[in-house]
Amino acid sequence: MKNTVSTFKQMKADGEKITMLTAYDYSTAKLMDESGINSILVGDSLGMTMLGYEDTLSVTMEDMIHHTAAVTRGAKNALVVGDMPFMSYQTSVYDAVVNAGRLMKEGRCHAVKLEGGAAVCPQIKAIVEAQIPVVAHIGLTPQAVNAFGGFKVQGKNEADARRLLEEAKAVEEAGAFAVVLECVPAKLAELISKTVSIPTIGIGAGAGCDGQVLVYQDMLALFSDFKPKFVKHFANAGEVMKQGFADYIKEVKEGSFPAEEHTFKISDEVLNKLY
Ligand code: KIV
């Protein structure tokens with residue numbers, strides 16, 4: 290079944306959890322889609338997981354369009370959300386609409402995501418008015434890593450918790466159809482989820498959210514630089530891959546790969562003419 294913004298709305302109404310994972314390429318998106326994921330986020334986390342940057346700040350619109358287009362070619366039923374990279378929407382409402390439009394037109398995603406609360410509500414409103422569905426993202430917003438002074442849990446004291454609650458209401462009011470809550474205390478995320486009518490998608494925000502998102506390299510143990518507290522390894526694909534690489538190296542070195550069944554044939558008649 291095709292997942293749309295209406296599916297998200299219905300799932301919240303029915304109390305059915307929404308599943309989302311990140312992906313950045315055709316093959317992975319196809320596997321996830323075939324597994325029945327509701328939504329795929331082409332996150333700007335690709336800057337770290339795919340490109341090896343230490344944060345997401347260097348990711349460009351061209352990077353996002355390139356990877357989003359690959360994912361949308363692989364996903365038949367999942368709702369694909371393209372992430373707006375740093376400085377593609379903060380600069381002005383005009384830039385936000387133009388860049389959201391590029392992500393949808395060239396990347397063929399079904400919605401865009403951008404980070405921030407009240408400060409980006411004019412951008413959210415304008416993008417939604419351009420008929421592009423928006424997922425908001427509050428709490429720990431990685432593009433603000435320098436302003437936050439590191440990757441830290443948000444909303445732990447009363448003022449910050451109140452601000453997050455207000456921001457969730459503000460992005461809903463601006464027209465976002467869902468909101469990602471990243472690294473927010475579980476009970477606060479639950480309160481926000483009960484307060485707003487749009488689905489909340491948590492990452493490091495506990496089970497009280499309407500859905501969950503994880504970076505796929507984290508949940509498959511493919512990304513070994515660090516493991517955030519909220520990550521669970523659902524499979525040890527990193528070890529499986531390393532074993533596969535080691536077996537390949539061994540078999541090539543010892544000459545057992547390629548075997549007969551991996552080779553193409555030529556008739557002796559043709560071959561003999563070459564001598
Ligand atoms: O870029 C990303 O992968 C994200 C998720 C962590 C929500 O924004």
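For the sequence shown, the numbering used here assigns the number 290 to the initial residue and increments by one for each residue that follows. Backbone N, C-alpha and C define an ideal beta-carbon position, used for all residues, glycine too. Please read all numbers here as calculations on a predicted model, not as lab measurements.
- Beta-bridge pairing by DSSP links LYS402 to ASP372 and VAL424.
- In its chain, beyond the 5 residues on either side, VAL434 have a beta carbon closer than 6 Å to the beta carbon of ASP344.
- Residue selection by CB proximity (closer than 7 Å to any heavy atom of the ligand KIV) returns THR311, LEU330, GLY332, ASP333, SER334, THR345, ASP372, LYS402, HIS426, PRO431, VAL469, GLU471, ILE492, VAL502 and VAL504 in chain order.
- In this structure, GLY363 places its C-beta atom within 8 Å of the C-beta atom of TYR315.
- Going by C-alpha positions, LYS319 is about 18 Å away from LEU511.
- The DSSP-derived three-state label of GLN501 is strand.
- Around the beta carbon of HIS551, fewer than 16 other beta carbons sit within 10 angstroms, so the residue counts as exposed.
- Secondary structure note for SER295: its alpha helix (DSSP H) is the uninterrupted segment 294-303.
- Of the residues SER381, GLU471 and VAL423, the one whose Cα lies closest to the Cα of VAL294 is VAL423.
- For GLY491, the uninterrupted beta strand (DSSP E) run begins and ends at 489-492, by DSSP.
- When DSSP states are grouped into helix, strand and coil, GLU343 belongs to the coil group.
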